[in-house]
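The block underneath contains the structure these notes are about, expressed in structure tokens.
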Amino acid sequence: MSREYKPQVIEKTIQEDWIKNNKFKAMPDDREKFYCLSMFPYPSGKLHMGHVRNYTIGDVISRYKRMNNFNVFQPMGWDAFGLPAENAAIANKVSPKDWTNQNIEHMKEQLISLGLGYDWSKELRTCDPDYYKWEQLIFKKFYEKGLVYRKKSLVNWDPIDETVLANEQVIDGKGWRSGAQVEIKEIDQWFIKITDYAEELLSSLDEVDWPENVKLMQKNWIGKSYGAEIKYRIENSEECLITFSTRPDTIFGVSFIAISPSHPISKNLAKENDSVKKFLAKCKETSSAEADMAKAEKLGISTNINVLHPLTGNKIPVWIGNFVLLDYGTGVVMGVPAHDQRDFEFASKYKLNIEQVITSENTDLPLIQKGKLINSGEFDNMESDEASVKIINKLRDKNLGEELIQFRLRDWGISRQRYWGCPIPVVYENGVPKVIEENKMPVELPELPENSPPIPLSQNNKFRSISENIKRETDTFDTFMDSSWYYARFTSADNNNEIFDNNSKYWLPVDLYIGGIEHAILHLLYSRFFHKALRDMDMLEGNEPFKKLLTQGMVLKDGAKMSKSKGNTVDPQSYIEKYGADTVRLYMMFTAPPEQSLEWSESSVEGASRFIKKVWNLVIEREYEEIAEPKNFSKEEMGLRRKTHSTLKKITNDFETRYSFNTAIAAIMELLNFIPDSFKDIKASDSNKYCLNESIIIILKTLNPIAPHVSEYLWKNFYGNFSHEEIESSWPEINEDLLEVSEFELVIQINGKVRGKKLISKELNQDEIEQEAKTIENVAANLKNKKIKKVIYIKEKIINFVI
RNA sequence: GGGGAUGUGGUGGAACUGGUAGACACGCCAGGUUUAGAACCUGGUGCCGCAAGGCGUGUGGGUUCGACUCCCUCCAUCCCUACCA
């Protein structure tokens, strides 16, 4: 009678046992610590496959580290403020708060049912006043440090709904709900000077163990460029237009200057000039998202203003261009059509001069590369780099320019005109902003009236109006603020008196941070900035928050990202219920390596389940018997022992250095398939059983991080009556002696094509190996009557005869 | 438009440092077991070919004794693009 594998029964009991025994509660001690953090979820309602994948990876690594005697801290919380709660509130007539809290309760149950080993004593949610009071305090400190300021900036405005829209709420230039043509509107907003840290955000990327592609993305995003600030005096005026260019060497090719539609000059012109006014109105029709602006047709209008070229004194026309961003650089661009793609298209369209100032050999314009200057007066024949230096010197002499380092990174706009977010702790006395005192924090988000849709704080008079002269700020923080410091708060989440207590010194930095590649730039950059700013205020230590980063690929179905709008979502819950958490975890880890996208496949889930059942069937009817290590092993026994330990070695390497769980699992499967049937027989010899025991122990232990329930259950069942050793207590040791072999398989090639294979003793030298190789029939036939030009021998691998 | 990735059998993937392409699994085929089915077990399975052999890692080229791996070209798909999180 074999007992049947019923994950629903065993998983629940084991999970309850873990919680009862505080298995995952972490406290500082004298072991080496390992802070493993997975990006906390937005509580959208239920877990999706992306979460399951992310959190399984984190849990597998955490469990592996625990087995290797690390003090592991793995917390979990909720990124609970945000737009979807407001949308749900409108759609379902529930308050954002209730909706969010209900979602959290459900998702927490789901996380537990997946067997994820979190320290729930440090759970946090960003919509909790006990969390965001500290965020308001951080804002105050930033303000006092001069990192916060107010500035006008652009938002997407829906004129019918009279709300600010997020970029994703603008579809083809129309508001998603109202369908109205969205307008770009300029409003006052709070900004954080992340650019003060641009240099360090760039340089300290060298300190972290992150994937190179993510570092590169951050580097390009920060975008440090060396160039010059060049002044163009406006004709008949004392004023100048200041441009930034990375190519001062092309200054003699400037044929127009383009300014942003938001530039004060543009706005002034619009007051008196109807066509400019119409043009600016048209520019307001593109959404403020960079991708939309870049794809929009390049449009411009002449201003009839001229500036004077700083070196030649020639008149240069000033245009307004819809592609010029006021926020980037100086909001003014010098147009060099011959040597810049965008300028070339613009000049061609509006029939502006195209003057080539860098030589080219039969290359079409625009010519982007550097080279030798022409048509540049005294700078002719110089190379670009030299010319740049000399041109800047000359401009400096004339007080019309100087060298400048420019960053692409812009300051961080943190104001949001929404309800479901952390209130910005500011009051205006007669219009003058003042951050409120710490002892008046938190400024709590007011409750909504029963069954009310979310009302923006600006319309909530009770909240807004303190007195005749004193009004509250009604914007809330960007939710990226909430997620920029949660990693640090986790260490002290149960301490209501201090934002970061002594535990933060022990646990930080995060040793491994795991999350989706889609966060490669913004979230990670903002968190890095927060950490540095908090360090400079002596609130945290160290330069970087996340020592190592693992970016996981997306879960796809039918080649596309799972999304509600495409209708291709797969709900993990039904799979957990049908197959059990262990199967879902194993499937997730087996189907693709963490960094790659994972294509969902129903039948592969069956495969994962089948494997677990095979392990179950092997172990469930067995009990450990103590057998003394036999003096001699048969060839077959040695084969199994060698396979067992070489598998263990591979798995250890895959876990330790590659996070390559799919190959580790494949190796366990291979080992299971390798066990001879005769060893499994009840009447097998003691030495057979000894070897089988060894294999079972290693299979269960190496499977434990991935499939913790079934491996623990089988472990207790197998070992329980004999020993109280717990499965998660230690990772098995590799017996290196078993891995030494005296022979290897030599591959024999002729001109790089495989012609034969042979087992060769490691004791032979190259000449002897060559002779051995030539005795192989197929090799000999191919070499017959041929002159061997060259022999290439790669030790214990390949011999290649070149003929 | 810009930035970053990815592309290997019917499918998911493996090949870790330039050295046997296709591990492991899914699917499919054949057989066993079964009254039948499910489940399970055994064997086969890149393509062409009777075979010898040839071809084969998105496309086209290059470097090399040898290329999935390095270089160049083009194509396709995905992510980010500062207010989705």
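In this note's numbering, the protein residues as written are 1 to 803. No residue lacks a Cβ here, since even glycine has one placed at the ideal position from N, Cα and C.
The stretch 197-224 is shown to contain whole alpha helix (DSSP H) runs of 4 or more residues at 198-203, 212-222, in chain order. By the CB criterion at 9 Å, I727 and E712 fall inside the cutoff. Under the three-state reduction of DSSP output, T100 falls in the helix class. Shown here for S153: same chain residues with a beta carbon closer than 6 Å to its own, the five before and five after excluded, namely Q189, G413 in chain order.
Judged by DSSP in its simplified three-state form, T13 adopts helix. By the neighbour-count definition (other C-beta atoms within 10 Å, threshold 16), F722 is an exposed residue.
If you compare the alpha carbons of N314, W507, E361 with that of N353, the shortest gap goes to N314. Spanning the alpha carbons of I184 and C283 requires a straight line of approximately 8 Å. By the 16-neighbour rule on beta-carbons within 10 angstroms, F346 is buried. For L700, there is no enclosing beta strand (DSSP E); the residue is found in the alpha helix (DSSP H) stretching over 686-703.
Straight-line measurement puts the Cα of F477 at about 42 Å from the Cα of P337. The alpha carbon of L714 has as its nearest neighbour, out of V615, N800, L147, D767, the alpha carbon of V615.
Look at N22 here: in three-state DSSP terms it is coil, with no helix or strand label. The residues L598, S604, in chain order, have a CB closer than 6 Å to that of T591 in the same chain once the five nearest residues on each side in sequence are set aside. Taking C-beta atoms under 8 Å as the contact rule, A89 and W99 qualify, at a distance of about 6 Å.
DSSP places L37 within a strand segment (E or B) once states are collapsed to three. Between N451 and K93, the alpha-carbon positions lie close to 6 Å from each other. Cβ contact annotation for K649 (same chain, cutoff 6 Å, sequence separation greater than five): I734, in chain order. With contact defined as three or more Cβ pairs closer than 8 Å, the stretch 303-317 and the stretch 230-237 are in contact. Contact between E772 and K758 holds: CB atoms are separated by about 6 Å, below the 8 Å threshold. Assigned with DSSP and collapsed to three states, F801 falls in strand. By the 16-neighbour rule on beta-carbons within 10 angstroms, V432 is exposed.
For R418, the secondary structure class from DSSP, reduced to helix, strand or coil, is coil. The C-beta separation of L534 from L525 comes to about 15 Å, leaving the pair out of contact by the 8 Å criterion. With fewer than 16 other Cβ atoms inside 10 Å of its own Cβ, L216 counts as exposed. Taking every protein chain shown into account, the CB of R755 has 16 or more other CB atoms within 10 angstroms, so this residue is buried. Between I514 and V214, the C-beta gap is not smaller than 9 Å, which leaves the two residues out of contact.
Judged by DSSP secondary structure, G401 falls within the beta strand (DSSP E) whose first and last residues are 401-407. The residues K701, N704, P705, E728, S729, S730, W731, in chain order, have a CB closer than 8 Å to that of M67 in the same chain once the five nearest residues on each side in sequence are set aside.
For N617 and N717, the gap between their C-alpha atoms comes out near 12 Å. If you look at V427, you'll find it in the beta strand (DSSP E) that goes 426-429. Each of S388, V741, F655 was checked against the Cα of R641, and the nearest Cα belongs to V741. Nearest C-alpha to N103 among S121, K122, C127, S260: C127.
No Cβ-Cβ contact shorter than 9 Å links N693 with S678. Annotation for T163: the continuous beta strand (DSSP E) segment containing it runs 163-165. The beta carbon of K267 sits closer than 8 Å to those of L280, all from its chain and outside the five residues before and after it, given in chain order.
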